[in-house]
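To convert, note that position 210 of the sequence shown is 210 in full-length UniProt numbering; the numbers rise steadily by one, no gaps. Structure first, commentary second.
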Amino acid sequence: MTDVSDTRSTLPDEPPAEGADQPTNERKSKAGTTVTSTNTVPDGTLDEPDMERAGVWRLALVVAALVALWWWQGWALVVVILALLFMITMHELGHYLMAKRAGMKVTQFFIGFGPRIWSTQRGETEYGIRAIPAGAFVKVPGMLRDEEVSASDEARSYRQASFKDRVAMASAGSAMHFLMAFILLFAHFAFFDQADPDVWSVESVVPGSAAAEAGMASGDRVLSVDGAKVGGQEDLSDEVRARPGETVPIVVERDGKTLDLTATLGTRASVIGTVGEDLSLFFIGDQAVVKGYGERGDKAGLSEDAVITEINDVPINSAVDLKAATKAAAGGVLEIDYVADGETRTQSTYLKLGKAVAATEPEGMIGTTSGYAEVGKNPVEAAGASVTTFWQLSRDSVTGLVTVLNPANLVDFFGRAATTGPSGGNVSDEPTPAATARQASMEQDATRPMSLIGATSIATGLAEVDWGQLLLLLAVLNIFIGLFNLVPLLPFDGGHIAIAFYERIREKLKGDGRRYFIDPAKMYPVAVIVVGVLGLLFLSTVYMDVVSPIKL
1 MTDVSDTRST
11 LPDEPPAEGA
21 DQPTNERKSK
31 AGTTVTSTNT
41 VPDGTLDEPD
51 MERAGVWRLA
61 LVVAALVALW
71 WWQGWALVVV
81 ILALLFMITM
91 HELGHYLMAK
101 RAGMKVTQFF
111 IGFGPRIWST
121 QRGETEYGIR
131 AIPAGAFVKV
141 PGMLRDEEVS
151 ASDEARSYRQ
161 ASFKDRVAMA
171 SAGSAMHFLM
181 AFILLFAHFA
191 FFDQADPDVW
201 SVESVVPGSA
211 AAEAGMASGD
221 RVLSVDGAKV
231 GGQEDLSDEV
241 RARPGETVPI
251 VVERDGKTLD
261 LTATLGTRAS
271 VIGTVGEDLS
281 LFFIGDQAVV
291 KGYGERGDKA
301 GLSEDAVITE
311 INDVPINSAV
321 DLKAATKAAA
331 GGVLEIDYVA
341 DGETRTQSTY
351 LKLGKAVAAT
361 EPEGMIGTTS
371 GYAEVGKNPV
381 EAAGASVTTF
391 WQLSRDSVTG
401 LVTVLNPANL
411 VDFFGRAATT
421 GPSGGNVSDE
431 PTPAATARQA
441 SMEQDATRPM
451 SLIGATSIAT
461 GLAEVDWGQL
471 LLLLAVLNIF
481 IGLFNLVPLL
491 PFDGGHIAIA
501 FYERIREKLK
511 GDGRRYFIDP
521 AKMYPVAVIV
531 VGVLGLLFLS
541 TVYMDVVSPI
551 KL
């Protein structure tokens, strides 16, 4: 959105009011223009050297904050924050360039808000950086119909520009988002290989597993299990899960040759609770080996490949034992004896998975991980994929906007925000597998809006594991923000576009060749309502993203 009011800081580094009697010095800048600086006066106003020193200190604080953030949360968060700041700056650059092209006067172009760190006057525009890296703004006189503009600037104000120039200037911010989205999509497809779900093979074999005992190796393609044809990786999982502990024939393809193998499938089972976390165990021989434990398990001291010896005084050697142990649990609390991987001594801990626990039915396991073929694209293919994906994402974003801004969904979301406490409590009344609880949460979150805090959290997680997916997410954000800004209501850019079209229609209907200006009093009630709803939406999304973040 373009800035519709003067957002200058009220700190002492602001210039004196017009006409104020202040002693000044004049000097020539590198550009050859005359720059006037204010000396120190008795009321404590800063002179230019003091202003520069204050700017240096503010810059040092910003850099220190970014370094502290990097040390505390890692480099990925800093990269994502800078990427989001760049996106917003490019949005304002679009407004700036189009305003300049149309001959409008641009008085300010700042990155950030709050106290000024640095600024310079170039011609009629002041460029600078402010201390809070939360966005950017461009100041163009006359964005509001009742804004006071000097007589000398009125002819070059936004409201006096032609219809096409006003529309172009107001829509330029969103156009920049769409341009960035296309560039990000092109980079995603051109520089990062994409997994082909139809071409997969065994990526690794777990030592001591059924696959290892059967002689399976990395690169094998599984063709059938117990006579059932295997197409995709999901087919393999389904066939194996249904046969815990069974000895089955497996046909694989290796280096173009077909091999007949025999595997005695392993067994796995989980302890499930009401908090959306599981304790997953693989049964290898007569040992119960930990393969998943969630945040609560981590806090309880459990670790990958630890061997569970007892739960609630019941020795654990099989899935049957696990069922007996969970029946002995009181209030969802498990007393666990285990031996950590690489150690010999037995340790004890308590794990609480909510108000009740249960054991899942045993499932078969084979002990392999699957890898998909990575397929790259040449520049022409990447461009084509970018166009197709841009259209799909735009369509989905429009659908998402309509869904999120639906009054019924907004009321439902505000109600959820008012009744939601910090995450980590019960998510169901009965013991439920974590995957099932997660799927239910994702379905509920389908109409849930997200703040930049939530988007930053997800983007940071992607940056740590997959830069290609991060580029895709940033492209999605650009498309959504670009479309969101085109909503035809003030204070969005779309509101200014709608006003321009309304005024143009009224001018055509009058037919006298004179400009028509909308009455500001007619716009304010709607704008106040929109700002109020946006404010409540902002607070609600921030709260929800902090206490109950969306997890991919």
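For each residue, glycine too, the CB sits at the ideal point set by N, CA and C. This one's a predicted model, so the numbers in the text were calculated from it and none came from an experiment.
Sixteen is the threshold: when 16 or more other Cβ atoms of the shown chains lie within 10 Å of the Cβ of valine 138, as they do, the residue is buried. Our two residues, threonine 389 and asparagine 485, have alpha carbons roughly 21 Å apart in a direct line. Judged by pairs of C-beta atoms under 8 Å, the segment 521-528 does not touch the segment 205-222, as fewer than three such pairs exist. Serine 152 sits exposed, since fewer than 16 C-beta atoms from the chains shown fall within 10 Å of its C-beta. When rounded, the separation of the alpha-carbon atoms in phenylalanine 283 and arginine 296 is 22 Å. In this structure, alanine 356 and threonine 274 form a Cβ contact; the two beta carbons are roughly 6 Å apart against a cut-off of 8 Å. Within the DSSP secondary-structure output, isoleucine 366 pairs in no beta bridge. Take the alpha-carbon of threonine 344 and the one of tyrosine 338: they are about 10 Å apart. Annotation for valine 542: Ser451, Ile453 place their beta carbon closer than 7 Å to its own, counting only its chain and skipping 5 residues before and after.
Rounded to whole angstroms, the separation of the alpha carbons of histidine 177 and threonine 125 is 24 Å. Burial is judged here by how many other beta carbons sit within 10 angstroms of a residue's own beta carbon; alanine 435 has fewer than 16 and is exposed. The count of Cβ pairs closer than 8 Å, one atom from the segment 184-194 and one from the segment 375-395, reaches three, so the stretches are in contact.
Cβ neighbours of glutamine 233 within its own chain (closer than 6 Å, five residues either side excluded): Trp200, Ser370. Rounded to the nearest whole angstrom, the C-alpha separation of alanine 329 and aspartate 278 is 15 Å.
According to DSSP, lysine 229 shares a beta bridge with Ser224. Annotation: tyrosine 293 is outside any beta strand (DSSP E) and is labelled neither H nor E by DSSP.
Sorting Tyr158, Val380, Ala83, Arg122 by C-alpha distance to the C-alpha of glycine 103 places Tyr158 at the top. Serine 548 carries a coil assignment under DSSP once its states are collapsed to helix, strand and coil. Counting other Cβ atoms within 10 Å of its Cβ, asparagine 378 stays below 16 and is therefore classed as exposed. Inclusion of aspartate 238 and proline 249 in the CB contact set at 8 Å is not warranted, their separation being larger than that value.
In this structure the segment 358-367 touches the segment 320-336; the number of beta carbon pairs closer than 8 Å is three or more. Sequence-distant Cβ neighbours of proline 449 in its own chain, meaning closer than 7 Å and more than five residues away, are Val404, Phe413, Leu537, Thr541. Annotation for serine 119: the continuous beta strand (DSSP E) segment containing it runs 108-122. The beta carbon of alanine 217 lies closer than 8 Å to those of Val202, Val205, Arg254 in the same chain, with the five residues before and after it left out.
In the displayed model, threonine 125 falls within a strand according to three-state DSSP. Taking 8 Å as the cut-off, the Cβ atoms of glycine 367 and glycine 266 count as close. The segment 484-503 and the segment 114-121 do not touch, with fewer than three beta-carbon pairs separated by less than 8 Å. Spanning the alpha carbons of alanine 210 and alanine 263 requires a straight line of approximately 6 Å.
Assignment of leucine 302 by DSSP, reduced to helix, strand and coil, places it in the coil class. Counting the other CB atoms within 10 Å of its CB gives glutamate 443 a total below 16, which places it among the exposed residues. Judged by DSSP secondary structure, isoleucine 272 falls within the beta strand (DSSP E) whose first and last residues are 266-272.
Here glutamate 234 carries a helix assignment [DSSP, helix/strand/coil].
Note on glutamate 148: under 16 other CB atoms within 10 angstroms of its CB, so exposed under the neighbour-count rule. For phenylalanine 189, the closest alpha carbon among the candidates Ile505, Leu410, Glu374, Pro520 is that of Glu374. Following the DSSP letters along the chain, one finds serine 171 inside the alpha helix (DSSP H) bounded by residues 163-191. Bounds of the beta strand (DSSP E) holding glutamate 253 are 247-254.
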